[in-house]
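Heads up: the structure comes next, in structure tokens.
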Amino acid sequence: MREIWVMVGNDLRQRVRDKSVFIFSLLVPLSLMGVLNLTFGGFGLDSVELKPATVVASNEDGGPLGGALLNALDSLEIMDVTVRSAPAAEVQQEAQNSGADLGLVIPAGFTTAVTSDQAVSVQVVEGDRQRIETDVLVSVVDGLLGQLGAGAVAAMAGESAGLILALFAAVAAAAAMVIGSIFDNDAAASGVGVGLGLVLAGLGGSMVPAEFFSETLQTVSHATPHRWAYDAFAVVQRHDGGLADILPQLGILAAMAAALLALGALLLQRSLNRAL
37 MREIWVMVGN DLRQRVRDKS VFIFSLLVPL SLMGVLNLTF GGFGLDSVEL KPATVVASNE
97 DGGPLGGALL NALDSLEIMD VTVRSAPAAE VQQEAQNSGA DLGLVIPAGF TTAVTSDQAV
157 SVQVVEGDRQ RIETDVLVSV VDGLLGQLGA GAVAAMAGES AGLILALFAA VAAAAAMVIG
217 SIFDNDAAAS GVGVGLGLVL AGLGGSMVPA EFFSETLQTV SHATPHRWAY DAFAVVQRHD
277 GGLADILPQL GILAAMAAAL LALGALLLQR SLNRAL
């Protein structure tokens, strides 16, 4: 184990001595962020003076997301919004006759529908005053509903995507151990690693969608970890699949990682014995 830490320390010292690492990892990204901020930072609603607005709302949802939606409206930074409660049957009349800018009815089961990825329907009634504040409020409500729906979908897909990435990273790390143990020269190992990675990525569908491959190439591509990760992501993104739906792909990636790790450990031990 001590020999491994010595190798890691030597590699880190070589990287630190290379000044280009700091240029491309720190200076270039920071400079790009500054340019983008100067280019796009001046656009927005800061230059528009929005007047205070009133929202008449009825929250029939028993869960937390209905209240969160109203709280988000009440705490908008771009304009002063007052949220006034009213019964659902009176929201439309209140919005159109009391000078309010917007009426909102959040139905029962709103939280359940959002968290279970079902269709969400919220009644929106525009007030009798045609003002830019009304348009802004409608846009904000649409955006909040989109964020809530996307957040629920992302939360469900996030666990599956995280496992896919973790197992793929394990395969990549184990493969790097194998390559690094075979070659004594770090430049040769880097070149082989980059070249092999590009070839496997192309065969696995990371450059061209695997659906465009011929039947023979489809079969060959399944020898790469990229293809199994590709298939797993396709199930999650295109078919709203869950963890149970991608267990076969995850199993293959785990088996590849275990096999390469065992081979890499064996080759590394032999390499260290030769060096000693």
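Take the position in the sequence shown, starting the count at 1, then add 36; the result is the number in the working numbering. Yeah, the Cβ is synthetic: ideal placement off N, Cα and C, and Gly gets one too.
Taking 7 angstroms as the cut-off, the Cβ atoms of valine 161 and glycine 139 count as close. Under the 8 angstroms Cβ criterion, the stretch 296-309 does not count as touching the stretch 268-287, having fewer than three qualifying pairs.
Around the beta carbon of methionine 69, fewer than 16 other beta carbons sit within 10 angstroms, so the residue counts as exposed. In this structure the stretch 84-101 lies against the stretch 142-151, because at least three pairs of beta carbons, one per stretch, are closer than 8 angstroms. Comparing C-alpha distances from aspartate 47 to each of Phe204, Leu203, Gly216, Ser152 shows the shortest one belongs to Gly216.
DSSP links alanine 93 through a beta bridge to Ser121, Leu140. Contact between leucine 112 and isoleucine 142 does not hold, since their C-beta atoms are separated by about 17 angstroms, which reaches or exceeds 8 angstroms. Glutamate 162 carries a strand assignment under DSSP once its states are collapsed to helix, strand and coil. In the DSSP assignment, asparagine 133 falls within the alpha helix (DSSP H) that extends over 127-133. A distance below 7 angstroms between beta-carbons, with the five flanking residues on each side excluded, links aspartate 110 to the following residues of its chain, in chain order: Val117, Val119.
Using a Cβ-Cβ distance cut-off of 8 angstroms, the stretch 259-268 and the stretch 221-239 are in contact, since at least three pairs of beta carbons, one from each stretch, lie closer than that value.
Looking from the CA of alanine 131, the closest CA among Gly103, Asn107, Ala89 belongs to Ala89. In the three-state reduction of the DSSP assignment, leucine 112 falls in the coil class, being assigned neither a helical nor a strand state. Straight through space, the alpha carbons of glutamine 285 and tryptophan 264 are spaced by roughly 5 angstroms.
Membership of proline 261 in the alpha helix (DSSP H) is indicated by the continuous run 261-274. Distance from the CA atom of alanine 197 to the CA atom of phenylalanine 269, rounded to whole angstroms, is 7 angstroms. A residue is called buried once 16 or more other Cβ atoms fall within 10 Å of its Cβ, and glycine 179, having fewer, is exposed. Per the C-alpha coordinates, the member of Ala212, Ala294, Leu201, Leu303 positioned closest to aspartate 267 is Leu201. DSSP places glycine 227 inside the alpha helix (DSSP H), whose first and last residues are 222-239. With fewer than 16 neighbouring CB atoms inside 10 Å of its own CB, valine 42 falls in the exposed class. According to the DSSP assignment, valine 150 belongs to the alpha helix (DSSP H) that extends over 146-151.
For leucine 203 against leucine 289, the beta-carbon gap comes to about 4 angstroms, under 8 angstroms, which counts as contact. Excluding sequence positions up to five before and after aspartate 164, its CB lies within less than 6 angstroms of the CB of Gln132, all in the same chain and listed in chain order. Between glutamate 169 and leucine 86, the gap from beta carbon to beta carbon is short of 7 angstroms.
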